[in-house]
Amino acid sequence: VQLQASGGGLVQPGGSLRLSCAVSGSIVSLKAMDWYRQAPGKQRERVATVTSSGITNYASSVKGRFTISRDNAKNTVYLQMESLKPEDTAVYYCNAIDENYDDYWGQGTLVTVSS
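So the sequence shown is residues 707 to 821, counted in my numbering.
Encoded structure:
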(Lines of atoms letter the chains of each structure in order from A; the text may use other names.)
(Lines give C-alpha, C1' and ligand atoms only; values in the text may rest on other atoms or scores of the structure.)
Protein backbone atom coordinates (compact mmCIF):
# COMPACT_ATOMS: atom_id res chain seq x y z
CA VAL A 707 0.00 0.00 0.00
CA GLN A 708 1.36 3.37 -1.00
CA LEU A 709 -0.14 6.65 0.11
CA GLN A 710 0.26 10.05 -1.51
CA ALA A 711 -0.88 13.09 0.47
CA SER A 712 -1.48 16.46 -1.13
CA GLY A 713 -3.35 19.72 -0.70
CA GLY A 714 -1.33 21.51 1.93
CA GLY A 715 -0.40 25.15 1.69
CA LEU A 716 -0.55 28.56 3.29
CA VAL A 717 -3.93 29.79 4.46
CA GLN A 718 -5.10 32.68 6.61
CA PRO A 719 -6.74 32.10 9.98
CA GLY A 720 -10.40 31.26 9.47
CA GLY A 721 -9.72 29.81 6.04
CA SER A 722 -10.23 26.34 4.62
CA LEU A 723 -8.17 23.65 2.96
CA ARG A 724 -8.87 20.16 1.73
CA LEU A 725 -6.20 17.50 1.98
CA SER A 726 -6.26 14.40 -0.17
CA CYS A 727 -4.64 11.02 0.34
CA ALA A 728 -4.51 8.85 -2.76
CA VAL A 729 -4.03 5.15 -2.11
CA SER A 730 -2.45 2.69 -4.51
CA GLY A 731 -4.91 -0.13 -4.84
CA SER A 732 -8.35 -0.46 -3.36
CA ILE A 733 -9.18 1.13 -0.04
CA VAL A 734 -12.25 -1.03 0.42
CA SER A 735 -10.25 -3.71 2.25
CA LEU A 736 -8.49 -1.26 4.55
CA LYS A 737 -9.77 -1.40 8.11
CA ALA A 738 -9.25 2.29 8.74
CA MET A 739 -7.59 5.40 7.44
CA ASP A 740 -6.37 8.25 9.55
CA TRP A 741 -4.93 11.71 9.32
CA TYR A 742 -2.20 12.63 11.77
CA ARG A 743 -0.29 15.84 12.18
CA GLN A 744 2.99 16.90 13.72
CA ALA A 745 3.70 20.47 14.66
CA PRO A 746 7.28 21.71 15.17
CA GLY A 747 8.65 20.48 18.48
CA LYS A 748 5.57 18.37 19.21
CA GLN A 749 4.65 14.73 19.00
CA ARG A 750 2.62 13.40 16.13
CA GLU A 751 -1.07 13.32 17.00
CA ARG A 752 -4.03 11.62 15.43
CA VAL A 753 -6.49 14.09 13.96
CA ALA A 754 -9.24 12.00 12.39
CA THR A 755 -10.15 8.42 11.53
CA VAL A 756 -12.58 6.82 9.14
CA THR A 757 -13.21 3.08 9.33
CA SER A 758 -14.11 0.69 6.53
CA SER A 759 -17.74 0.94 7.65
CA GLY A 760 -17.66 4.72 7.50
CA ILE A 761 -17.48 5.45 11.21
CA THR A 762 -15.55 8.63 11.91
CA ASN A 763 -13.71 9.87 14.96
CA TYR A 764 -11.95 13.17 15.65
CA ALA A 765 -9.51 14.68 18.07
CA SER A 766 -11.27 17.11 20.37
CA SER A 767 -9.14 19.96 19.05
CA VAL A 768 -10.62 19.64 15.55
CA LYS A 769 -14.10 18.30 16.19
CA GLY A 770 -16.69 20.43 14.44
CA ARG A 771 -14.10 22.00 12.15
CA PHE A 772 -12.56 19.07 10.28
CA THR A 773 -14.33 16.37 8.30
CA ILE A 774 -12.76 13.13 7.13
CA SER A 775 -14.31 11.25 4.24
CA ARG A 776 -13.45 8.46 1.87
CA ASP A 777 -14.24 7.92 -1.79
CA ASN A 778 -13.92 4.21 -2.46
CA ALA A 779 -14.31 4.67 -6.20
CA LYS A 780 -11.33 7.01 -6.30
CA ASN A 781 -9.32 5.19 -3.60
CA THR A 782 -8.90 8.51 -1.88
CA VAL A 783 -9.44 9.84 1.62
CA TYR A 784 -10.00 13.53 2.26
CA LEU A 785 -9.66 15.86 5.19
CA GLN A 786 -11.76 18.99 4.83
CA MET A 787 -10.48 21.63 7.25
CA GLU A 788 -12.56 24.68 8.10
CA SER A 789 -12.08 27.63 10.45
CA LEU A 790 -8.36 27.01 10.52
CA LYS A 791 -6.33 28.35 13.40
CA PRO A 792 -2.61 29.07 13.70
CA GLU A 793 -2.33 26.09 16.04
CA ASP A 794 -3.42 23.84 13.17
CA THR A 795 -0.07 24.54 11.53
CA ALA A 796 1.69 21.20 11.09
CA VAL A 797 2.81 18.57 8.67
CA TYR A 798 -0.20 16.36 8.00
CA TYR A 799 0.24 12.65 7.29
CA CYS A 800 -2.19 10.02 6.11
CA ASN A 801 -2.10 6.52 7.52
CA ALA A 802 -3.77 3.28 6.49
CA ILE A 803 -4.37 0.08 8.45
CA ASP A 804 -4.93 -3.09 6.46
CA GLU A 805 -6.73 -6.30 7.31
CA ASN A 806 -3.59 -7.66 9.01
CA TYR A 807 -3.37 -4.52 11.16
CA ASP A 808 -0.20 -3.45 9.41
CA ASP A 809 -0.03 0.28 8.95
CA TYR A 810 1.30 2.41 6.16
CA TRP A 811 2.29 6.05 6.01
CA GLY A 812 2.32 8.60 3.25
CA GLN A 813 4.71 11.50 3.01
CA GLY A 814 3.52 14.59 4.81
CA THR A 815 1.95 17.71 3.42
CA LEU A 816 2.61 21.02 5.16
CA VAL A 817 -0.28 23.19 6.31
CA THR A 818 0.60 26.68 7.48
CA VAL A 819 -2.06 28.91 9.01
CA SER A 820 -0.81 32.45 9.23
CA SER A 821 -1.78 35.98 8.37
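Ideal placement from N, C-alpha and C gives every residue a C-beta, glycine not left out.
- Of I733, P719, V707 and N806, the smallest CA-CA separation from M787 is found for P719.
- Approximately 6 angstroms separates the beta-carbon atoms of V729 and V707; this is inside 8 angstroms, confirming the contact.
- If the five residues before and after A745 are omitted, its C-beta is found closer than 7 angstroms to the C-beta atoms of T795 and A796, all from its own chain and listed in chain order.
- By the criterion of a C-beta distance shorter than 8 angstroms, D777 is surrounded in its chain by V783 and Y784, once the five residues flanking it on both sides are discounted.
- The shortest CA-to-CA distance from C727 to any of V819, Y810 and L790 is the one to Y810.
- For I733, no beta strand (DSSP E) run applies, since DSSP gives it neither H nor E.
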